[in-house]
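Reviewing the structure listed below.
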Amino acid sequence: MSTTLRLYNTLTREKTAFAPIDPQNVRMYVCGPTVYDYAHIGNARPAIVFDVLFRLLRHVYGEAHVTYARNITDVDDKINARALRDHPGLPLNEAIRAVTEKTETQFHEDVAALGCLEPTVEPRATDNIAEMIEIIGRLIGNGHAYVASGEVLFHTKSMRDYGQLSKRPLDEQQAGARVAVDAHKKNPGDFVLWKLSSHNEPGWESPWGRGRPGWHIECSAMSRRYLGEVFDIHGGGLDLIFPHHENEIAQSRCAHGTDVMANVWMHNGFVQVEGRKMSKSEGNFVTIHDLLHTEKFGGRQWPGEVLRLAMLMTHYREPIDFSVKRLEEAERLIAKWPAAEASGALPCDTVMNALADDLNTVAAVQALHALAQEAHGDPDALAVFAASAALLGVLPEKTEVDEALASAVDALVAMRLEMLKAKNFAEADKIRNELADKGIQLKDGKDPATGERVTTWEVKR
RNA sequence: GGCCUCGUGGCGGAGUGGUGACGCAGAGGACUGCAAAUCCUUGCACCCGAGUUCGAUUCUCGGCGAGGCCUCCA
């Protein structure tokens, strides 16, 4: 409990000491995926970054004292479009459910492969429509929202300090510079809280007619439901600062009459692929699934732990260039790390301090690498390594080897040593090669005292 | 146009007003029958210009370059 975390806060543009509202229940909200298609590696970054933060918070405040909420956005016009495209024969609601359930399952498989713990709660937008309607009702009631042309809109001008997060005062924005201003808006920056649905769009009954929520309101509703009106940390990608997070803040604060929505706002940087911007419009994005299970990237599949480490080799606020070269380097590092099981040991101070300093995973990984070298042949160091690696979620798992295989390999190793003594190199190498083909790597060493050859082996990861 | 990042050796990536982390790759070596693994040695980098200074990669200003947001996107 003595560790003090220092976190960079987008709200203040400063790195400050983190003090939870309630150390017995530290609360974090992270914007999750819209479930209409495979998640790409841009989605993987916040999942991994905030997973590290989750692990760190659990370590500092105790596992039972951290609540991590990450939403599933399952109402969205992109989902509707996908449902109509992929399931033209089904009734709309069933088609939508088919899309969202499949995508959600896939997302969970992907992030699990990336070594991410499950959030404490993972609420769905469609399970929180009533909460959204309640908040919208409040906003209309206290003059922060109005009804126009069948939509409920947030009245940005009604909020004195709108734009604090993005440092984007309303007056200074070029109104409608790149998007036509809808005539029914009182101000160009006003955004939709609720909009009416046609028959071929999903909708819910509300005081303003059968409709569906605007983009931002779900996070206000779900964060309040699970974390309260004011909570500790809100995270997401850099590109969400405006308008999404700005508008979440506006909705929540105006509905609840609070000065802040979350105390600390954290944003991870952008992801590029091989030096180029990844964008949906250009179609050059790489999905997590592609990396894990296909040979689309670099002509091979990549283990989840390699992807995770590659992601953590750059500080979360910096842009990251996802490249084959980077993945190869990550893989070489992991290959040098010992497999171990987390025991009761405490993580190394260097790793802890690095992470406590605004999630400096780069320094943490380097410290970890140094530990890995010390751990070579030192059980105590190995335990510290394991605990430290677990904090980052990059602990190579000890491959379970069944005893029959182990004794068979041991016998072959003994046989090989006999052959070596007889200088029968051909036969000895044959054994070595056959084992290698089965994924078993022999490692010859020398007993420091006797000078005898000592052979150990491991299952290649 | 507004707002905002970033620019360090082949690559990744720290850091500091006064000999220059570290990792990966590469090179050399030890060990080995040969490999692998392991260990040792090795890297003279800080976008450009001006300014401040005894001295700047580190501070200031100005360029140039890369990128992001302002519209669905992590």
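The numbering of the first sequence is our numbering, which starts it at 11 and goes up by one. Here a beta-carbon is modelled for each residue, glycine too, at the ideal position from N, C-alpha and C.
For the beta strand (DSSP E) holding residue i, just list the boundary residues, first then last.
i	result
glycine 246	241 to 247
glycine 455	450 to 456
alanine 272	272 to 278
leucine 203	202 to 206
glutamine 282	281 to 283
Between the alpha carbons of residue i and residue j, how many angstroms are there, rounded?
i	j	result
arginine 188	aspartate 331	With a pLDDT of 41 at arginine 188, under the threshold of 50, the modelled position of that residue is not reliable, and no figure is offered here.
proline 212	cysteine 126	32 Å
glutamate 437	leucine 452	15 Å
glutamine 183	glycine 199	Confidence in glutamine 183 is poor, its pLDDT being 46 and thus under 50, which makes the residue's placement unreliable; the coordinate value appears in the next sentence. Approximately 9 Å, taken between the alpha carbons.
arginine 178	glycine 267	21 Å
tyrosine 326	methionine 429	53 Å
alanine 29	asparagine 19	12 Å
isoleucine 243	leucine 15	12 Å
serine 208	alanine 265	28 Å
leucine 203	alanine 382	52 Å
lysine 205	glutamate 161	5 Å
leucine 427	valine 121	44 Å
glutamate 258	alanine 374	33 Å
histidine 75	isoleucine 441	53 Å
glutamate 228	arginine 342	42 Å
valine 334	lysine 346	19 Å
asparagine 363	tryptophan 312	30 Å
arginine 336	phenylalanine 295	17 Å
glycine 449	glycine 461	28 Å
lysine 167	arginine 148	17 Å
threonine 26	glycine 245	16 Å
arginine 222	lysine 112	22 Å
glutamate 413	asparagine 81	44 Å
proline 357	tyrosine 156	53 Å
proline 56	glycine 308	23 Å
glutamate 104	alanine 391	54 Å
valine 411	threonine 371	32 Å
alanine 185	arginine 310	For alanine 185, the pLDDT reaches just 43, beneath the cut-off of 50, and the residue's location in the model is therefore unreliable, leaving the point undetermined.
valine 85	proline 406	38 Å
histidine 379	threonine 297	28 Å
serine 216	methionine 169	25 Å
serine 262	valine 59	25 Å
arginine 23	glycine 387	45 Å
alanine 190	phenylalanine 201	In this prediction, alanine 190 scores a pLDDT of 47, lower than 50, which makes its location untrustworthy; the coordinate-derived value is nonetheless stated afterwards. Each residue's alpha carbon lies about 13 Å from the other.
alanine 135	methionine 271	19 Å
threonine 466	aspartate 439	15 Å
Could you pull the DSSP bridge partners for residue i from this structure?
i	result
phenylalanine 164	Ala155
tryptophan 486	Lying outside 11 to 471, the shown extent of the chain, residue 486 is not represented and no answer is given.
glutamine 174	Answer by DSSP bridge pairing: none, since glutamine 174 is not bridged.
tyrosine 39	Ala79, His244
asparagine 19	Glu24
arginine 463	Lys456
glutamate 468	Gln451
threonine 44	Thr83
valine 131	Ala79
lysine 287	Gln282
For the alpha helix (DSSP H) that residue i lies in, which residues bound it at each end?
i	result
glycine 52	51 to 71
arginine 95	87 to 96
tyrosine 236	227 to 237
lysine 433	Counting along the chain, lysine 433 falls outside any alpha helix (DSSP H), and DSSP gives it neither H nor E.
alanine 27	Run containing alanine 27: none in the alpha helix (DSSP H); it sits in the beta strand (DSSP E), 24 to 27.
threonine 113	102 to 123
valine 316	314 to 322
glutamine 311	From DSSP, glutamine 311 is part of no alpha helix (DSSP H); its letter is neither H nor E.
cysteine 10	Lying outside 11 to 471, the shown extent of the chain, residue 10 is not represented and no answer is given.
arginine 263	256 to 266
aspartate 300	298 to 303
Within the chosen definition, does the region 269 to 280 reach the region 244 to 251 through at least 3 CB pairs nearer than 8 Å? yes
Contact between the region 414 to 428 and the region 439 to 455 (3+ Cβ pairs under 8 Å): yes
With a floor of 3 residues, list each beta strand (DSSP E) that falls wholly inside the region 327 to 407, ordered by position along the chain. 330 to 332
For the structure I just gave you, are there three or more beta carbon pairs, one from the region 62 to 75 and one from the region 96 to 105, closer than 8 Å? no
On the three-pair Cβ rule with 8 Å, is the region 337 to 355 touching the region 41 to 51? no
Quick one: any contact between the region 311 to 323 and the region 130 to 142, if contact means 3 or more CB pairs under 8 Å? no
Cβ pair count under 8 Å reaching 3, the region 48 to 64 against the region 302 to 322: yes
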